[in-house]
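**Q** Count the sequence shown with the working numbering and you get residues 15 to 589, in order. Note that beta-carbon positions come from the ideal geometry of N, C-alpha and C, so glycine has one too.
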Amino acid sequence: MTADAPVDGHRPRDHDEPGEHARLGPYRLVQRLGEGGMGVVHLGLDRHGRAVAVKVLRAHVAHDPDARARLAREVDTLSRIRSPRIAPVVDADVDGDTPYVVTRFIDGPPLDDHVAGRGPLPPEELHRLAAGLAEALDAIHSADVVHRDVKPGNVLLVDGDPVLIDFGIAHVVDDVRLTSAGLVMGTPGYLAPEVVHGDDVTPATDWWGWAATTAFAASGTPPFGAGGMNAVLARVASGEPDLVAVDPRIEPLLYAALSPYPDERPHHGEVVRALERYARGELATSAIEVRRVRPETRVVDSTRTAALPAIAPSVAPAAAPPTPAGYALPPRTDPPPPTGAGRPGPPPALPPAPAGPLAPWEDDDDDVRVATDPRIGLPTRSGSLLALLALLAGVTVAAPLVGLVLLAAWMVLARTSDRSVTSLVMRRHDRGARGSDVAVAVAASPWHLVVGAVGSLVTLAVPLLVGVSAMFAGALVVGGLTGAVTRADDVVPLLAAGVFTALTAWWGPGGASLRRGSRSLVRGLTAHDTVRQVLVVALLLGGAVLVALTASRGAPSWWPLSTPPGWVDQVVPGR
Numbered sequence: 015m016t017a018d019a020p021v022d023g024h025r026p027r028d029h030d031e032p033g034e035h036a037r038l039g040p041y042r043l044v045q046r047l048g049e050g051g052m053g054v055v056h057l058g059l060d061r062h063g064r065a066v067a068v069k070v071l072r073a074h075v076a077h078d079p080d081a082r083a084r085l086a087r088e089v090d091t092l093s094r095i096r097s098p099r100i101a102p103v104v105d106a107d108v109d110g111d112t113p114y115v116v117t118r119f120i121d122g123p124p125l126d127d128h129v130a131g132r133g134p135l136p137p138e139e140l141h142r143l144a145a146g147l148a149e150a151l152d153a154i155h156s157a158d159v160v161h162r163d164v165k166p167g168n169v170l171l172v173d174g175d176p177v178l179i180d181f182g183i184a185h186v187v188d189d190v191r192l193t194s195a196g197l198v199m200g201t202p203g204y205l206a207p208e209v210v211h212g213d214d215v216t217p218a219t220d221w222w223g224w225a226a227t228t229a230f231a232a233s234g235t236p237p238f239g240a241g242g243m244n245a246v247l248a249r250v251a252s253g254e255p256d257l258v259a260v261d262p263r264i265e266p267l268l269y270a271a272l273s274p275y276p277d278e279r280p281h282h283g284e285v286v287r288a289l290e291r292y293a294r295g296e297l298a299t300s301a302i303e304v305r306r307v308r309p310e311t312r313v314v315d316s317t318r319t320a321a322l323p324a325i326a327p328s329v330a331p332a333a334a335p336p337t338p339a340g341y342a343l344p345p346r347t348d349p350p351p352p353t354g355a356g357r358p359g360p361p362p363a364l365p366p367a368p369a370g371p372l373a374p375w376e377d378d379d380d381d382v383r384v385a386t387d388p389r390i391g392l393p394t395r396s397g398s399l400l401a402l403l404a405l406l407a408g409v410t411v412a413a414p415l416v417g418l419v420l421l422a423a424w425m426v427l428a429r430t431s432d433r434s435v436t437s438l439v440m441r442r443h444d445r446g447a448r449g450s451d452v453a454v455a456v457a458a459s460p461w462h463l464v465v466g467a468v469g470s471l472v473t474l475a476v477p478l479l480v481g482v483s484a485m486f487a488g489a490l491v492v493g494g495l496t497g498a499v500t501r502a503d504d505v506v507p508l509l510a511a512g513v514f515t516a517l518t519a520w521w522g523p524g525g526a527s528l529r530r531g532s533r534s535l536v537r538g539l540t541a542h543d544t545v546r547q548v549l550v551v552a553l554l555l556g557g558a559v560l561v562a563l564t565a566s567r568g569a570p571s572w573w574p575l576s577t578p579p580g581w582v583d584q585v586v587p588g589r
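1. Suppose you measure from the CA of P365 to the CA of G524; what does that come to, to the nearest Å?
2. Quick one: residues in its chain with C-beta nearer than 7 Å to the C-beta of P102, no 5 flanking neighbours on either side, listed in chain order?
3. Based on the DSSP output, what are the partners of G53 in its beta bridges?
4. Would you say the stretch 144-164 touches the stretch 94-114, given that touching needs at least three Cβ pairs under 8 Å?
5. First and last residue of the beta strand (DSSP E) that includes Y114?
6. With distances taken between CB atoms, is the gap from L257 to E265 smaller than 8 Å?
7. What does DSSP give as the partner residue(s) for G58 in the beta ladder?
8. Based on Cα-Cα distance, which residue from R395, D277, D158 lies nearest to R529?
9. Residues in the same chain with beta-carbon distance under 7 Å from V104, minus the five sequence neighbours each way, listed in chain order, please.
10. On the three-state DSSP scale, how would you describe P642?
11. So is L43 buried or exposed if we call it buried at 16+ other beta carbons inside 10 Å?
12. Could you have a look at P276 and say whether DSSP puts it in helix, strand or coil?
13. Run through DSSP, which three-state label would I100 get?
14. Rounded to a whole number of angstroms, what is the C-alpha to C-alpha distance between L268 and G497?
15. With a 10 Å radius around its C-beta and 16 neighbouring C-beta atoms as the bar for buried, classify G494 as buried or exposed.
16. Using DSSP bridges, identify the partner residues of G48.
17. Nearest CA to the CA of P40: which residue from R46, E49, V55, V68?
18. Would you list the one or two residues that DSSP bridges to P176?
19. Pick out whichever of P202, A229, A293 has its Cα sitting closest to the Cα of A251.
20. Under 8 Å, with one C-beta from each stretch per pair, do the stretch 57-66 and the stretch 125-138 reach the 3-pair mark?
21. Can the beta-carbon of A502 be found less than 8 Å from the beta-carbon of V582?
22. Please state if the CB of S431 and the CB of A458 are separated by a distance shorter than 8 Å.
23. Would the stretch 236-244 count as touching the stretch 279-286 if we require 3 or more Cβ pairs under 8 Å?
24. Less than 8 Å between C-beta atoms, sequence neighbours within five positions excluded: which residues of the same chain meet that for A412?
25. Please report the distance separating the alpha-carbon of R87 from that of V468.
26. With distances taken between CB atoms, is the gap from G223 to A206 smaller than 8 Å?
27. Run through DSSP, which three-state label would A240 get?
28. By Cβ distance below 7 Å, which residues in the same chain neighbour A407 in space, the five residues on each side in sequence not counted?
29. Tell me whether R37 sits in a helix, a strand or coil according to DSSP, three-state version.
30. By DSSP, does R294 sit in helix, in strand, or in coil?
31. Roughly how many whole angstroms lie between the Cα atoms of S483 and L539?
32. Measuring straight from C-alpha to C-alpha, what distance separates S434 and V499?
33. Quick one: grab the DSSP three-state call for A498.
34. What separation, rounded to the nearest whole angstrom, lies between the Cα atoms of W521 and T216?
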């Protein structure tokens, strides 16, 4: 519920939206606090004059069933959670002409505004933030809910204690997706790597966002930087946070918590305890217990030792305080439920800052724009993609140049699809869903096609180099194993070339856009299980038949060339 546009911003108010001092049900709207692409948050007063926060859907999206469903989801989610770290729902009307939800008024600034005004949090406040947010997430997960949008803009500070807000995209375990397209909101710099890869939403998703939010509070900057969605998501997926501004005493701790691999992240309880030691001025990290691989060191009796002669120490320049060489934490154990024990007292008094009213609802951060990702929570279609790879390998064996053209064409289509979807959902986020969205997307498609084609051609160089290397390496291996003369364009070398070229394009430079677009295309082509199963079988059979025919024929077709290129027409002598 933080603002992505100020009250006096550039987004005009719809004529049929309630303005200031209007009445909405039993509530009088006093002041517009902020707005996002889908809604506006007002400061309101109930019948007894008590302040509340009233989130109202924008008029042009109020008739969208998906928008109402999202609002209803937020009401249902909040009603299941009981925690002082969560702003509870007071009232709601999701079926009326003007849908709205009323929550407790949180009189505190959002974390990002607080850090922007005062800088990174000191150790005591950082531990207080991390412990309070951990308490909120424990309560959320106990209700079988995943927030999925833990970020600084969704954390309000009340006397130093955090309150987590904005459950508009929260995911209930085993719940059904709101839209057939699976378009859900999330902030790129705070989306867990496993979600970026299209894996299932789990509590680990929130704990990664919690660690990223803690890193932001410790440094004052987004841990994965700003910029375009693709660039930020690439840094997230590869686990490349920028923690230069973080205190070196806790940098290894936060780096480990932001690992792209969930199994390698420390438990949040360990992180909170380490931050508690950090707040007390102690060493935040200590050695992790590891499996002993050598006999235990024998301790020699002190009576059998003698002191070495004293040596005058040399004068050395003053050194900085020691910092841990790498991440280390206490032995991993199952932490007890959060009790608040060990939490430091209130931080030292600071000059009073204007605690803004409830930070309004937003759909993005100031620096990193919110993006929708059609992969989140949807099937990855890995089996279908492997079957497609099998067909491509078969085509490469039968007609190498045709296989190369098909791979390049698929790369262009996938990247074009990825750019088109991203552009559409970003437009809907900025301006809400409109009837002109499809027309704009169609008009922009030629540009997306050009950019996708250029990007594909540039990034195809590395896969081609790897593929050619794999072809000659395959010929050497076959020749060495069989002792026979092996051509570089025999079946096995060409099969290796096709597979390695495709895998390098998938995981190599620019592969993130290719993966997202490919999964979207395959999902669109295999919406029904029967169609998907038939298609997978057909692709596998097609690839096998092409390989078998080429093996029986003895040589591939180099169409449209009449003869193989000179550099391919090589032989590798056997033993």
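**A** Quick answer:
1. Because P365 sits at a pLDDT of 46, beneath the cut-off of 50, its placement in the model cannot be relied upon, and the following sentence gives the value as read from the coordinates. About 48 Å.
2. L92, T117, R118
3. L71
4. yes
5. 114-118
6. yes
7. L43, V66
8. R395
9. V66, V116, T117, R118
10. Any answer about residue 642 is impossible in this case: the structure gives the chain only from 15 up to 589.
11. buried
12. helix
13. strand
14. 55 Å
15. exposed
16. V55
17. V68
18. L171
19. P202
20. no
21. yes
22. no
23. no
24. L560, V561, L563, T564, P570, S571
25. 42 Å
26. yes
27. coil
28. L509, G512, V513, G557
29. strand
30. coil
31. 33 Å
32. 49 Å
33. coil
34. 24 Å
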